[in-house]
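K.L.:
All you need for my numbering is the position in the sequence shown, starting with 1, plus 534.
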Amino acid sequence: MKELNIAFKEFYSSIRSKRFISLMAFYLLITFFFNYAIKDEIINSAGQIEVSHASLSLTGAEGFITATPLSISITTNLMALMLFGAIIGIALGADTINREIEEGTAKVLMSHPVYRDQVINGKFIGNSLALFSIIMTGYIFSIAYLLLLGVPLDGASLIRALIAAVFTLIYMMTFLSMGIMLSTILKKPETAMLLAIALAIFLTLIYPITVNIAADKIAGEEPYCPPQHYEIVPGQPIQRVSHNPCPAMDEWLNKRDLWQKRLFLLDPTHHYGQLIISAFAGDEAAQDYLPLGESLSTGFNSFAMLLVELLLPFTIAYTRFMTSDLR
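(1) Are E575 and A588 close, meaning C-beta to C-beta below 9 Å?
(2) Rounded to whole angstroms, what's the CA-CA distance from V775 to I583? Just pull it up for me.
(3) Rounded to whole angstroms, what's the CA-CA distance from G656 to L787? Just pull it up for me.
(4) Could you tell me which uninterrupted alpha helix (DSSP H) segments, each at least 4 residues in length, are contained entirely in the region 644–725, listed from first to last along the chain?
(5) Could you spell out the range, first to last residue, of the beta strand (DSSP E) harbouring S586?
(6) Determine contact between the region 607–627 and the region 835–846, defined as no fewer than three beta-carbon pairs at a distance below 8 Å.
(7) Return the CA-CA distance between F658 and S831, expressed in angstroms with no decimal places.
(8) From the DSSP output, in three-state form, read off T600 for me.
(9) Do the region 743–761 and the region 792–805 meet, that is, are 3 or more Cβ pairs less than 8 Å apart?
(10) How is the alpha helix (DSSP H) around Q885 delimited, first residue to last?
(11) So A782 is in the alpha helix (DSSP H); what residue range does that whole segment cover?
(12) Can you tell me which of the three DSSP states V775 falls into?
(13) Evaluate E756 with the Cβ neighbour count: other Cβ atoms within 10 Å of its Cβ, from every protein chain shown; 16 or more gives buried, anything less gives exposed.
(14) Name the one or two DSSP bridge partners that R823 has.
(15) State the beta-bridge partners of A595 as determined by DSSP.
(16) Mind checking whether L809 and G833 have CB atoms under 9 Å apart?
(17) Which term fits V700, buried or exposed, when burial requires 16 or more other beta carbons within 10 angstroms of its beta carbon?
(18) For the alpha helix (DSSP H) that contains T744, what are its first and last residues?
(19) So what's Y758 in DSSP terms, helix, strand or just coil?
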């Protein structure tokens, strides 16, 4: 019960802070910008369902995704949260503990009949509620925008968009736990904040680029393959007149893809992208959504890995806080 009291207090103080209000306003501005940029695509897809292969090259996530007006809008917004949400989550947690210690409020709090685990659990829950409020605000904003455009909404897309929102919350909570971990390790809130933002940018932008470069280096030099020969006849479709199989290229591509998958295992951004694709997964043959159970099963491994990446930093933060000197 005391955890909830601390959580609601943390949530209330978070949403009243200038930092939170600024982040919320900036997120809504980005959401509006992305929705406006794809307005024509959303209107043209009204009443239609199309399943196509989607590849998020930066994150290494890929799969068949079902395109409806709502799924197009939501996935576009969530891709923006891939970077922005990581920064929000880690920034909320980066000064959660050390600022309390620096200002002396931690000792005042611990003078009350509360345990340390209740404090850190309450702060984590409170900041998670703040993240949830950001996600749902963007979700409601996207639906309201579609309704203003006169675009009909289907129930299947609404349910899957809610599932995608849950995945987004877990993703942002992963970075929140990283921020709280830094907050328990570093004494200066300013240092923790700078390092936290740098870590978020590294994991969402720099590391995925590094993975692609490293996989190419590990796979070795791209093999040479003989060119294909085509016959061009005016008024006739282009026809290939010779086929030169290139097993060396196939082997090189398989090796590169294998190392990309191995290296992306450490990246929460990759697992988040894979979960978003699984939420809106489609059947190319049927040109419709996959059954919900089958759709979610395609993202089970990414879901498990994201939970591990959420719990590990929080476990470190929990251990540090329980044994640290609060002076």
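Here a beta-carbon is modelled for each residue, glycine too, at the ideal position from N, C-alpha and C. Predicted model only: the values in this text are computed from it and were never measured.
P.N.:
Quick look at the numbers:
(1) Here residue 575 corresponds to residue number 41 of the sequence shown, with the count starting at 1. Here residue 588 corresponds to residue number 54 of the sequence shown, with the count starting at 1. Not closer than 9 Å, so no.
(2) As a position in the sequence shown, residue 775 is number 241, starting the count at 1. As a position in the sequence shown, residue 583 is number 49, starting the count at 1. Because the pLDDT of V775 is 46, which lies under 50, any placement of that residue in the model is unreliable, and the number read from its coordinates should be weighed accordingly. When rounded, the distance between both Cα atoms is 37 Å.
(3) As a working note, residue 656 is residue 122 in the sequence shown. As a working note, residue 787 is residue 253 in the sequence shown. Their backbone Cα atoms lie some 48 Å apart in a straight line.
(4) 650–682 and 689–719
(5) Position 52 of the sequence shown, counted from the first residue, corresponds to residue 586. It spans E584 to L590 - the beta strand (DSSP E) in which S586 sits, taken as one unbroken run.
(6) no
(7) For the purposes of this step, residue 658 is identified with residue 124 of the sequence shown, where counting begins at 1. For the purposes of this step, residue 831 is identified with residue 297 of the sequence shown, where counting begins at 1. Cα to Cα, the separation comes out at about 28 Å.
(8) Start at 1 with the first residue of the sequence shown, and residue 600 comes out as number 66. Looking at T600 - three-state DSSP - the assignment turns out to be strand.
(9) yes
(10) In the structure as shown, the chain begins at 535 and stops at 861. Residue 885 is therefore absent and cannot be evaluated.
(11) Mapped onto the sequence shown, residue 782 falls at position 248. A782 -> alpha helix (DSSP H) spans P781 to F798.
(12) Residue mapping note: residue 775 aligns to position 241 of the sequence shown, counting from 1. Any reading at V775 must be qualified, since the residue scores a pLDDT of 46, below 50, and its modelled position is unreliable; the value itself is stated next. Looking at V775 - three-state DSSP - the assignment turns out to be strand.
(13) Along the sequence shown, read from residue 1 onward, the residue named residue 756 stands at position 222. That one is exposed.
(14) Taking the sequence shown and counting its residues from 1, one reaches residue 823 at position 289. The question names Arg, yet the displayed sequence has Tyr at residue 823. Answer is G816.
(15) Translated into the one-based positions of the sequence shown, residue 595 becomes position 61. BP columns for A595 point to L590.
(16) Position 275 of the sequence shown, counting from 1, holds the residue named residue 809. Position 299 of the sequence shown, counting from 1, holds the residue named residue 833. In contact: L809 and G833 (Cβ atoms closer than 9 Å).
(17) For the purposes of this step, residue 700 is identified with residue 166 of the sequence shown, where counting begins at 1. Answer is exposed; the Cβ neighbour count stays below 16.
(18) As a working mapping, residue 744 is identified with position 210 in the sequence shown. Element bounds for T744: Y741 to A753.
(19) The residue given as residue 758 occupies position 224 in the sequence shown. Y758 falls in the coil class under three-state DSSP.
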